[in-house]
Amino acid sequence: MLPEDTWSRWPLMEEEILVVEGENEYTFSIPYQLLKKRGSKALKEAGVSYSVVEDVFGNKRVVFKTSKSKGLEVRAWLSVIVNQNSGYFITEIEEVEKPEQ
Numbered sequence: 003m004l005p006e007d008t009w010s011r012w013p014l015m016e017e018e019i020l021v022v023e024g025e026n027e028y029t030f031s032i033p034y035q036l037l038k039k040r041g042s043k044a045l046k047e048a049g050v051s052y053s054v055v056e057d058v059f060g061n062k063r064v065v066f067k068t069s070k071s072k073g074l075e076v077r078a079w080l081s082v083i084v085n086q087n088s089g090y091f092i093t094e095i096e097e098v099e100k101p102e103q
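Numbering (this note's numbering), first residue to last: 3 to 103.
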C-alpha cells in the first residue's frame, strides 16, 4: 500500500483520472470502475502494483506510483482509454518543490 500522501485522497470527480508528474516518478489516481473494466490486466502486465483507497467523497480509487519511463507508458494507455470512452477525462498536474525560505 502507498503511504498516505497529498494525492491519494485528492478530491476528484468519479470519472476523473489524475496524473501527477513528479521529479522522478508519476503518481496516478484512477476510478476503481475503470480498473475493473479495462485496467487490471494492463497494470499487471506493466508490473504496476496499486492500492485501492477511498477519496474524500467515499468513491473507490486506484492509486499507484511508477518510474518516469513506466509512467509515460501508463499515461499513453490512459489517453487511449479516454479517446475510446468519453465518460472519462484526464487531469495532469506537475508537482513542484516548495522553495526554501
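Here a beta-carbon is modelled for each residue, glycine too, at the ideal position from N, C-alpha and C.
Quick caveat: nothing in here was measured; it's all calculated off a predicted structure.
### Message
Using a Cβ-Cβ cutoff of less than 7 Å, which residues in the same chain neighbour G24 once the five nearest sequence positions on both sides are dropped?
### Response
E97
### Segments assigned beta strand (DSSP E), at least 3 residues, entirely inside the stretch 11-84
18-23, 27-33, 53-56 and 62-69
### Query
Taking one C-beta from the stretch 82-99 and one from the stretch 51-70 each time, how about it: are there three or more such pairs within less than 8 Å?
no
### Query
If we ignore side chains and look at the alpha-carbon of each, how far apart do L36 and K67 end up?
17 Å
### Query
Can you check whether the CB of A48 is closer than 8 Å to the CB of K70?
no
### Task
Taking E94 as part of the beta strand (DSSP E), name the residues at either end of that continuous run.
F91 to E96
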